[in-house]
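Chemist: According to numbering that gives the first Met the number 0, the sequence shown is numbered sequentially starting from 0.
Following this message is one structure expressed as structure tokens.
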Amino acid sequence: MKHAISVKQFQDKSLLDKLFKSASKYQALNPKDYPKPLANKVVSTLFYEPSTRTRLSFESAVQHVGGNIISTESAGQFSSAAKGETIEDTIRIIESYADAIVIRHPLVGSAELAAKVSSVPIINAGDGAGEHPTQALLDLYTIQKSKGSVDGLKIGLVGDLLYGRTVHSLIQLLKLYKPTLYFLAPTELQLSKKYQILLEEAGVKFEILTSWDSILPELDVIYMTRIQKERFKSIKDYEAVKNSFVLNKSAQKKLSNNAIVMHPLPRVNEIPGTFDDDPRAIYFQQARNGLYLRMALLEYIFKG
Ligand code: NCD
């Protein structure tokens, strides 16, 4: 594997097992004992959209495994994109300074465009409402760590399933196993047909629901997401759906004691801060897992 553009490249369970084993290894090690597979390598982070976890965990991961980082913060504003440079030209320049490029861009398919012209590995850190493959890897890693196995789990994916790229990527990994999926969203934000067809073809059982009352007590995993305000055409449309699914006190009561609550973060108000100390809330550990998973992925890309 050279680039990491889509979860379609991670459809081999033995590859996933290998990556997760490697992430577990990093998780168990004392940072002073981390191997340095990226020694003398430079990785560039090129983010045209806001990011906290993805960019900083990649940058931390690169440094932990011996590499160096060059970065342009807010690339849309501060890179030559502001002067009209195309993604392709920008990539052609950065590839002569860096050994890999981590890119986040609002355009669906942007990472693929970058990969077409790049001689160094491109890692997709989110292409608009398209995909977010490294988030999906860390999400699956987190589910497996917490629950042992995905087979047989009842997993609820909640919130903005239309624009949420983390869900688009995660379901394409979950389809390799045998969970039952529940898509919980207002009708306007339901998972698009394209992804539903993928799941049908893979024989994954799923249900589309507009209310979670009946299913909450049965869920093993609940994957909350933020309504993706920046992808809406009008603020009025956003306002109409923004509070559709909130894990308030009454929803928390219905949720089983053994369930885990995940969220790629950032959250707006879909999970109240008062829930953070609940043992079912694992979203901060999930974010931490992103660091280990990204170290494992970098090692795999550079060392195989
Ligand atoms: C997500 C993203 O950027 O898609 N955040 C992340 O990378 N952890 C989710 C979001 O922005 O809602």
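From the three backbone atoms N, C-alpha and C, an ideal C-beta is built for every residue, glycine too.
Measure the CB-CB distance between T53 and H131 and report whether it falls below 9 Å.
Modeler: Yes. Within cutoff.
Chemist: Considering only C-alpha positions, which residue in the set Q227, L197, T224, G289 is nearest to S59?
Modeler: Checking every option, the nearest Cα to that of S59 belongs to G289.
Chemist: Report yes if the C-beta of L264 is less than 8 Å from at least one heavy atom of ligand 1; otherwise report no.
Modeler: Yes - ligand 1 has a heavy atom lying nearer than 8 Å to the Cβ of L264.
Chemist: Below 8 Å on the Cβ atoms is my contact criterion, and I expect L156 with L183 to pass it. Report the Cβ-Cβ distance as a whole number of Å.
Modeler: Right, their Cβ atoms sit about 7 Å apart.
Chemist: Give the single residue among K241, P216, L197, S243 whose Cα lies nearest to the Cα of N256.
Modeler: The residue with the shortest Cα to Cα distance from N256 is P216.
Chemist: For ligand 1, I want to know if A3 counts as a neighbour, meaning its beta carbon is within less than 8 Å of at least one of the ligand's heavy atoms.
Modeler: No, Cβ of A3 sits at least 8 Å from all heavy atoms of ligand 1.
Chemist: At a cut-off of 8 Å, would you count T53 as near ligand 1, judging by its Cβ distance to the nearest heavy atom?
Modeler: T53: yes, Cβ under 8 Å from ligand 1.
Chemist: Please decide whether H131 counts as near chain B, where near means a Cβ-Cβ distance under 9 Å.
Modeler: The structure shown has no chain B; it contains just one protein chain.
Chemist: Below 8 Å, is the gap between the Cβ of G272 and the nearest heavy atom of ligand 1?
Modeler: No - ligand 1 has no heavy atom lying nearer than 8 Å to the Cβ of G272.
Chemist: Taking only heavy atoms of ligand 1 into account, decide whether any of them is closer than 8 Å to the Cβ of A286.
Modeler: Answer for A286: yes, Cβ within range of ligand 1.
Chemist: Would you please state the rounded distance, in angstroms, between the beta carbons of T305 and P185? I believe it to be under 8 Å.
Modeler: Examination of residue 305 is not possible in this model, given that the chain is present from 0 through 303 alone.
Chemist: Express the C-alpha separation of I221 and K228 in angstroms, rounding to a whole number.
Modeler: Cα-Cα distance, rounded: 21 Å.
Chemist: Check whether the Cβ atoms of L172 and D126 sit closer than 9 Å, and answer yes or no.
Modeler: Contact: no.
Chemist: For K174, count neighbouring Cβ atoms within 10 angstroms of its own Cβ and tell me buried if that reaches 16, exposed if not.
Modeler: Buried, because 16 or more other Cβ atoms sit within 10 Å of the Cβ of K174.
Chemist: From the DSSP output, in three-state form, read off I154 for me.
Modeler: Strand, per DSSP.
Chemist: In its own chain, which residues sit with a C-beta less than 8 Å from the C-beta of S50, not counting the 5 before and 5 after it?
Modeler: Contacts found: R103, A124, G125.
Chemist: Name the two residues that bound the continuous alpha helix (DSSP H) containing F205.
Modeler: Note, F205: premise wrong, no alpha helix (DSSP H); beta strand (DSSP E) at 204-208.
Chemist: Can you look up Y222 in the DSSP assignment and give me helix, strand or coil?
Modeler: Strand.
Chemist: Excluding five sequence neighbours on each side, which residues of the same chain lie with their C-beta closer than 7 Å to the C-beta of R230?
Modeler: Cβ within range, chain order: A128, Y162.
Chemist: Assuming H2 and A114 make a contact with CB atoms under 8 Å, what is their CB distance in whole Å?
Modeler: Yes, H2 and A114 are in contact; Cβ-Cβ is about 4 Å, under 8 Å.
Chemist: Report, in whole angstroms, the separation of the C-beta atoms of V41 and I69, which I expect to be a contact under 8 Å.
Modeler: Confirmed, Cβ separation roughly 6 Å.
Chemist: Looking only at DSSP bridge pairs, what is I69 linked to?
Modeler: DSSP, once it has assigned bridges, lists S43 as partnering I69.
Chemist: Decide if G66 is buried, meaning its Cβ has at least 16 other Cβ atoms within 10 Å, or exposed.
Modeler: Label assigned to G66: buried.
Chemist: Assuming contact is defined by CB atoms lying nearer than 9 Å, are F274 and Q251 in contact in what I supplied?
Modeler: Yes; because the gap between Cβ atoms is below 9 Å, this pair is in contact.
Chemist: What does the alpha-carbon distance come out to for the pair Y237 and V267?
Modeler: Computed Cα separation, rounded: 13 Å.
Chemist: Is it the case that the Cβ atoms of V6 and S117 are separated by a distance below 9 Å?
Modeler: For V6 and S117, no; Cβs fall outside 9 Å.
Chemist: Pull up the distance between the alpha-carbon of M294 and that of P120, whole angstroms please.
Modeler: For M294 and P120, the distance between alpha carbons rounds to 15 Å.
Chemist: For Y25, count the other beta carbons within 10 Å of its own beta carbon; 16 or more makes it buried, fewer makes it exposed. Which is it?
Modeler: By the 10 Å Cβ count, Y25 comes out buried.
Chemist: For A224, tell me which candidate among W211, Q143, S233, F244 has the shortest Cα-Cα distance.
Modeler: In the sequence under discussion, the amino acid at residue 224 is Thr, which differs from the Ala named in the question. Comparing Cα positions, the closest option is F244.
Chemist: By the DSSP assignment, the alpha helix (DSSP H) with T133 in it spans what residues?
Modeler: Note, T133: alpha helix (DSSP H), 132-146.
Chemist: What is the DSSP secondary structure of I90, counted as helix, strand or coil?
Modeler: Note: I90 maps to helix in three-state DSSP.
Chemist: Just verifying my parser: in three-state terms, what is the DSSP assignment at R103?
Modeler: If DSSP states are grouped into helix, strand and coil, R103 belongs with the strands.
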